[in-house]
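Shown next, in structure tokens, is the structure this report addresses.
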Amino acid sequence: MSKSAHKTDAAGRPISGRPRVISFLSGKGGVGKSVLSFNAATILAAAGDRKVLLVDADFTAGNLHILANRAPEHGIGHFMGGCMSLGEAVTKADDNLDFLASTWNGPAVDQADVTGSATTMNRLREQGAKYDFILVDHGSGISSAAIVMAHGSDINVLVLVPELTSISNCYGLFKTLVETNSNIDCRLLLNRAMMVEEAEYIHNKFLALTEKFLGQAPPFIGYLFDDDIYRRSIASQRPVLEIDPNSQAVQGLRDLCAKLTGDQNGPAGRIDITTQREINNHKAMADIRE
Ligand SMILES: Nc1ncnc2c1ncn2[C@@H]1O[C@H](COP(=O)(O)OP(=O)(O)OP(=O)(O)O)[C@@H](O)[C@H]1O
Ligand SMILES: [Mg+2]
Numbered sequence: 006m007s008k009s010a011h012k013t014d015a016a017g018r019p020i021s022g023r024p025r026v027i028s029f030l031s032g033k034g035g036v037g038k039s040v041l042s043f044n045a046a047t048i049l050a051a052a053g054d055r056k057v058l059l060v061d062a063d064f065t066a067g068n069l070h071i072l073a074n075r076a077p078e079h080g081i082g083h084f085m086g087g088c089m090s091l092g093e094a095v096t097k098a099d100d101n102l103d104f105l106a107s108t109w110n111g112p113a114v115d116q117a118d119v120t121g122s123a124t125t126m127n128r129l130r131e132q133g134a135k136y137d138f139i140l141v142d143h144g145s146g147i148s149s150a151a152i153v154m155a156h157g158s159d160i161n162v163l164v165l166v167p168e169l170t171s172i173s174n175c176y177g178l179f180k181t182l183v184e185t186n187s188n189i190d191c192r193l194l195l196n197r198a199m200m201v202e203e204a205e206y207i208h209n210k211f212l213a214l215t216e217k218f219l220g221q222a223p224p225f226i227g228y229l230f231d232d233d234i235y236r237r238s239i240a241s242q243r244p245v246l247e248i249d250p251n252s253q254a255v256q257g258l259r260d261l262c263a264k265l266t267g268d269q270n271g272p273a274g275r276i277d278i279t280t281q282r283e284i285n286n287h288k289a290m291a292d293i294r295e
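In terms of this note's numbering, the sequence shown has 288 at position 283, counting the first letter as 1, and numbering is strictly consecutive.
Written as structure tokens, this is what we have:
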């Protein structure tokens, strides 16, 4: 999907009349894709005027059903295998929120099946036309299925945490995605930040790295702080919105949702950290070893 403008109405619904598909990906595992996609979906759905579908596309270790405290009978394996329609395979999680569970109790999915993954994205859009937003939580790494599904998404949120290994793997993921489609819409989300300065440092470093070696850099959609509320959310199998609607974490997630639903394509985030033009590449590159 190209970086064309995503028009939305006042409620943040895509006005094209089709669902906006937003994928959450990462090069490294354990960076927060599942908790963020789950909690972003609950916040989007709680607005009351938008229908949301959350898809668990982590084919080997999907666990959104645990976060949502559900034991679904059907899931993505049934849908991808073609033995069920989307409507038959989804589970209701809340008034405006459905989810398509992982393969934990259904047919296995072949992650190398490029054609099957492309077909799945087309069927998701066709049969999911009643949804305003479809959020897809991927497994970590760069499987063929994840790449194809990312190319079929309107927005790809690349999640990273402030660790060198995560930055390196995120670079690898972005490289693979833009090399297979230079027009793909990717946005960088830094999770588990401890300080604003840290977020700014990593943002600048990543931009310098991708601009130097790939000739383009993903816009930064923002950052979320490291917060114990996520541990409590998982332990109680409730979204953070239910645990504390006034928390800093919920505010951060609301800001993220506003960026994802708003008509904003340029660099955007909670923080107005330096734009690509303003970056002092020499400074940012100073401690990057080739
Ligand atoms: N902002 C945060 N603050 C504190 N803990 C967090 C935050 N985001 C995620 N975590 C914790 O990080 C752990 C991993 O989160 P999660 O399972 O969502 O990662 P993931 O990217 O989906 O992992 P995988 O690649 O295995 O699917 C969880 O214990 C979660 O509570
Ligand atoms: Mg996960």
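Where a beta carbon is used, it is the ideal one built from N, C-alpha and C, also for glycine.
Of the residues the options, which one's Cα is nearest the Cα of residue i?
| i | options | result |
| --- | --- | --- |
| F230 | A240, N209 and D260 | D260 |
| E93 | R55, G133, N127 and H70 | G133 |
| D63 | A106, R55 and A51 | A106 |
| N101 | S238, L195, S171 and I48 | I48 |
| G86 | G121, R55 and L72 | G121 |
| S145 | R236, Q221, G67 and L219 | G67 |
| D142 | I248, A45 and N188 | A45 |
| A151 | T185, S90 and G80 | T185 |
| G227 | G35, A76, R197 and D118 | R197 |
| Q253 | T125, I234, T124 and I239 | I234 |
| A98 | R75, E205 and G37 | R75 |
| T266 | Y176, F138 and I147 | F138 |
| F179 | E131, D54 and Q221 | Q221 |
Provide the residue(s) that pair with residue i in DSSP beta bridges, ordered along the chain.
| i | result |
| --- | --- |
| S28 | V141 and N161 |
| D103 | L58 and K97 |
| G80 | A106 |
Less than 8 Å between the beta carbons of residue i and residue j, yes or no?
| i | j | result |
| --- | --- | --- |
| N174 | K33 | yes |
| H83 | P112 | yes |
| L334 | S31 | For residue 334 there is no data in the structure shown, the boundaries of the chain being 6 and 295. |
| S28 | V162 | yes |
| Y136 | P24 | yes |
| F225 | L193 | yes |
| L214 | A51 | no |
| Q242 | L72 | yes |
| V57 | D159 | no |
| A204 | L195 | yes |
| T125 | I147 | no |
| I189 | A155 | yes |
| A123 | G157 | yes |
So the beta strand (DSSP E) residue i belongs to, where does it begin and stop?
| i | result |
| --- | --- |
| D61 | V57 to A62 |
| A98 | T96 to D99 |
What first and last residue would you give for the alpha helix (DSSP H) that runs through residue i?
| i | result |
| --- | --- |
| N44 | K38 to A51 |
| V114 | Element bounds for V114: n/a, residue is neither H nor E. |
| N127 | V119 to Q132 |
| K264 | Q253 to T266 |
| I248 | V245 to I248 |
| S149 | S149 to H156 |
When every heavy atom of ligand 3 is checked, does at least one fall within less than 7 Å of the C-beta of residue i?
| i | result |
| --- | --- |
| K38 | Within the structure as shown, ligand 3 is missing, the only ligands being ligand 1 and ligand 2. |
In chain order, which alpha helix (DSSP H) runs of at least 4 residues are fully inside the region 165-236?
169-185 and 201-219
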